[in-house]
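Everything on this sheet refers to the single structure shown next.
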Amino acid sequence: DIQLTQSPSFLSASVGDRVTITCRASHGIDNFLVWYQQKPGRAPKVLIYAASTVQSGVPSRFSGSGFGTEFTLTISSLQPEDFATYYCQQLNSFPRTFGQGTKVEIK
Amino acid sequence: EVQLVESGGTLVQPGGSLRLSCAGSGFSFSNHAMNWVRQAPGKGLEWVSYISVRSSAVYYAESVRGRFTVSRDDAENSLFLQMNSLRDEDTAVYYCARGYSTTHYDTWGQGTLVTVSS
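So the sequence lines, in the order shown, correspond to chains P and D. Heads up: the first sequence is residues 1 to 107, going by the working numbering. Heads up: the second sequence is residues 1001 to 1118, going by the working numbering.
Here it is, written out as structure tokens:
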């Protein structure tokens, strides 16, 4: 099974900060990497797929990069509505797996 | 509007069974692979199961294999998860999610809560 490890697990940031979250895969997954945002009590929402393709309707401050085993999600200027938990997921092979999540909180 | 609505979650005793449903609307249900994902209280997301178009392939997480069965009824635009031999650790919100090609899950339901407890 492919393990995904996100870092950090928790980060405290201010509005306007640039934020980067990393997701490392235990084996190469080409670009089959997705980033989701989840707010309390809500279903996850896709932000980025195929490692770097921004989902329609997602603000341009969100971007993704990476290939193989190392991936990043970047928020260029954190906004109040961005405080949430972020998950990566691999769709390269079964079982599909998620990272453990990164909670972004207000400093 | 593309929509998924789960139902069937409730309180069930350990060892019991439950069947979850997910109704799709606003899209051609038969053209999409479907998935179940769960989230235990205060925990992260866990992928549970996948079913391809025409039910030609199904996959399960190791934690549920042999106890859960995924199925679909394209005529009724519905996805199901039959859960048997339920354990305390199956307590979670269960989401159904639509697969978009092979790249991501683009539509999620609101979730249905399954509580396994005596």
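Here a beta-carbon is modelled for each residue, glycine too, at the ideal position from N, C-alpha and C.
- Inside the segment 52-100 of chain P, DSSP marks whole beta strand (DSSP E) runs of 3 or more residues at positions 62-67, 70-75, 85-90, from first to last along the chain.
- Per DSSP, the beta bridge partners of His1104(D) are Tyr1100(D).
- Against chain D, the CB of Gly66(P) has no partner CB under 9 angstroms away; the residue lies outside that interface.
- Within 8 angstroms of the CB of Gln1003(D), no CB atom of chain P is found; the nearest one sits about 12 angstroms away.
- Among the residues facing chain P, Asn1035(D) is included, as its CB has a counterpart in that chain under 9 angstroms away.
- Here Gln100(P) is actually not in contact with Gln37(P); their C-beta atoms are around 15 angstroms apart, not less than 8 angstroms.
- Assignment of Phe1027(D) by DSSP, reduced to helix, strand and coil, places it in the coil class.
- Residue burial is scored here from C-beta neighbours: Asn1031(D) has fewer than 16 other C-beta atoms within 10 angstroms and is therefore classed as exposed.
- For the segment 1084-1105 of chain D, the beta-carbon criterion of a distance under 7 angstroms to any beta-carbon of chain P is satisfied by Tyr1095, Thr1102, Thr1103, His1104, Tyr1105.
- Residues of chain P whose Cβ lies closer than 9 angstroms to the Cβ of Gly1109(D) are, in chain order, Ala43.
- Chain P places no beta carbon closer than 9 angstroms to that of Gly1024(D), leaving this residue out of the contacts.
- Ala1033(D) sits in coil when the DSSP states are folded into three classes, being neither helix nor strand.
- Straight across, the Cα-Cα distance linking Ile2(P) with Ser1028(D) is about 31 angstroms.
- The contact set of Tyr49(P) on chain D, defined by CB atoms closer than 7 angstroms, consists of Thr1103, His1104 in chain order.
- Cβ-Cβ distances below 8 angstroms link Asn31(P) to Ala50, Ala51, Ser52, Gly66, Phe67 in the same chain, with the five nearest sequence neighbours on each side left out; the list follows chain order.
- In terms of beta-carbon proximity, Val46(P) lines the interface with chain D, with at least one pair separated by less than 9 angstroms.
- Checking the DSSP bridge columns, you'll see Gln1003(D) partnered with Ser1025(D).
- Contact note: Phe71(P) does not reach chain D at a C-beta cutoff of 8 angstroms; the least C-beta distance is about 14 angstroms.
- Leu47(P) places its beta carbon less than 9 angstroms from that of Gly64(P).
- Taking a Cβ-Cβ cut-off of 8 angstroms, the neighbours of Leu1045(D) in chain P comprise Tyr36, Gln38, Pro44, Tyr87, Gln89, Phe98, Gly101, given in sequence order.
- Exclusion of the five residues before and after Thr22(P) leaves Ser7, Thr72 as the residues of its chain whose Cβ lies within less than 6 angstroms of its Cβ.
- By the rule that beta-carbons nearer than 9 angstroms mark a contact, Gln55(P) touches chain D.
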